[in-house]
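S.K.: My numbering numbers the first residue of the sequence shown as 94 and each following residue consecutively. Okay, handing you the structure first.
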Amino acid sequence: MYNILKKSFYKQKSLDVASSLLGKMLLFNQHKGIITETEAYIGQDDQAAHSFHGYTKRTAVMFGNPGFSYVYLIYGMYHCLNVVTEPEGFPAAILIRSIILLSKNTPHTKVNGPGKICKTLHITKEHNNIDMTANHSFCICNTNLNIDDYICTPRIGISKATDKFWRFVIPDVTSLQYIDTKLVPTLT
Numbered sequence: 094m095y096n097i098l099k100k101s102f103y104k105q106k107s108l109d110v111a112s113s114l115l116g117k118m119l120l121f122n123q124h125k126g127i128i129t130e131t132e133a134y135i136g137q138d139d140q141a142a143h144s145f146h147g148y149t150k151r152t153a154v155m156f157g158n159p160g161f162s163y164v165y166l167i168y169g170m171y172h173c174l175n176v177v178t179e180p181e182g183f184p185a186a187i188l189i190r191s192i193i194l195l196s197k198n199t200p201h202t203k204v205n206g207p208g209k210i211c212k213t214l215h216i217t218k219e220h221n222n223i224d225m226t227a228n229h230s231f232c233i234c235n236t237n238l239n240i241d242d243y244i245c246t247p248r249i250g251i252s253k254a255t256d257k258f259w260r261f262v263i264p265d266v267t268s269l270q271y272i273d274t275k276l277v278p279t280l281t
């Protein structure tokens with residue numbers, strides 16, 4: 094059985110959530126992957142965040158309950174998966190940038206880039222605004238991995254607010270590509 098992250102986990106400060114998501118398992122249908130890179134987008138003062146321009150139909154989920162998925166399309170072709178953080182009413186979300194896709198065989202596959210993650214897992218806009226704390230087929234779970242070694246860098250792929258070190262990365266994921274799947278929850 095697996096331990097799905099609770100709403101209280103996502104209700105914390107976004108930077109704490111972004112770093113704490115490293116080493117957790119993203120579960121979508123029968124796919125599972127260890128999160129190895131995240132980025133935080135926080136509040137209406139963050140010029141790189143969709144919420145910078147206020148509450149809109151597109152950003153409504155960012156202002157909603159923590160633990161919900163925020164999936165959107167960029168460049169008309171790539172979906173991106175975020176999870177909403179902070180208390181309801183404060184717009185913030187964490188972008189999942191990279192995972193190690195687990196398989197029965199090793200080495201496991203690194204999926205680098207938010208668009209590639211969604212393409213590989215078949216996550217689309219129809220998966221937007223789903224409560225990831227209550228959905229056993231689309232959630233993030235605890236693992237037995239302890240990730241203490243990570244770095245913070247400026248966010249990438251943006252042109253504004255590039256001075257914020259709100260990107261969290263496990264610098265060497267080589268060992269995770271050969272991880273024993275017994276260290277992660279089993280699918281039931």
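Note that CB positions come from ideal geometry on N, CA and C, so glycine has one too. Predicted model only: the values in this text are computed from it and were never measured.
Look up residue 261 in the DSSP assignment and give the residues it is bridged to.
M.R.: As a working mapping, residue 261 is identified with position 168 in the sequence shown. For residue 261, which the question treats as bridged, DSSP gives the partners 131, 245.
S.K.: Between residue 114 and residue 240, is the Cβ-Cβ spacing less than 7 Å?
M.R.: On the sequence shown, residue 114 is found 21 positions in, with the first residue counted as 1. On the sequence shown, residue 240 is found 147 positions in, with the first residue counted as 1. In this structure, residue 240 does not lie closer than 7 Å to residue 114 by Cβ.
S.K.: Taking 8 Å as the threshold, find out whether the region 123–131 comes into contact with the region 193–204 through three or more Cβ pairs.
M.R.: Output reads yes: the region 193–204 touches the region 123–131.
S.K.: Within 10 Å of its beta-carbon, does residue 172 have 16 or more other beta-carbons around it, so buried, or fewer, so exposed?
M.R.: Locating residue 172 in the sequence shown gives position 79, where the first residue counts as 1. With 16 or more other Cβ atoms within 10 Å, it is buried.
S.K.: Could you give the DSSP three-state label for residue 78: helix, strand or coil?
M.R.: The requested residue 78 is not part of the displayed model; the chain covers only 94 to 281.
S.K.: Looking only at C-alpha atoms, which of 254, 148, 219, 190 sits nearest to residue 209?
M.R.: If you number the sequence shown from 1, residue 209 lands on position 116. When only C-alpha atoms are compared, the closest one is 190.
S.K.: Report the three-state DSSP secondary structure of residue 155 (helix, strand or coil).
M.R.: Residue 155 sits at position 62 when you count from the first residue of the sequence shown. Helix at residue 155.
S.K.: For residue 162, count the other beta carbons within 10 Å of its own beta carbon; 16 or more makes it buried, fewer makes it exposed. Which is it?
M.R.: As a first step, residue 162 must be located in the sequence shown, where it is residue number 69. With 16 or more Cβ atoms within 10 Å of its Cβ, residue 162 is classed as buried.
S.K.: I'd like the span of the alpha helix (DSSP H) that includes residue 110, first residue to last.
M.R.: Counting from one through the sequence shown, the residue named residue 110 turns up at place 17. Note, residue 110: alpha helix (DSSP H), 107–113.
S.K.: With which residues is residue 232 paired in a DSSP beta bridge?
M.R.: For this step, residue 232 is matched to residue 139 along the sequence shown. Residue 232 pairs with 120.
S.K.: Taking residue 213 as part of the alpha helix (DSSP H), name the residues at either end of that continuous run.
M.R.: The residue you call residue 213 lines up with position 120 of the sequence shown. Note, residue 213: alpha helix (DSSP H), 207–214.
S.K.: Sort out for me which residues DSSP pairs residue 185 with in a bridge.
M.R.: Counted from its first residue, the sequence shown places residue 185 at position 92. Note: residue 185 sits in a beta bridge opposite 135.
S.K.: Should residue 158 and residue 179 be called a contact, given that it needs their Cβ atoms to be closer than 7 Å?
M.R.: By one-based count along the sequence shown, residue 158 stands at place 65. By one-based count along the sequence shown, residue 179 stands at place 86. Contact: no.
S.K.: Quick one: residues in its chain with C-beta nearer than 6 Å to the C-beta of residue 96, no 5 flanking neighbours on either side, listed in chain order?
M.R.: Residue numbering aside, residue 96 sits at position 3 when the sequence shown is read from its first letter. Within the same chain, residue 96 has close Cβ partners 234, 235.
S.K.: Is the region 135–149 close to the region 207–223, with three or more CB pairs under 8 Å?
M.R.: No: fewer than three Cβ pairs fall under 8 Å.
S.K.: Straight-line CA distance for residue 231 to residue 224?
M.R.: Position 138 of the sequence shown, counted from the start, is the residue given in the question as residue 231. Position 131 of the sequence shown, counted from the start, is the residue given in the question as residue 224. Approximately 8 Å, taken between the alpha carbons.
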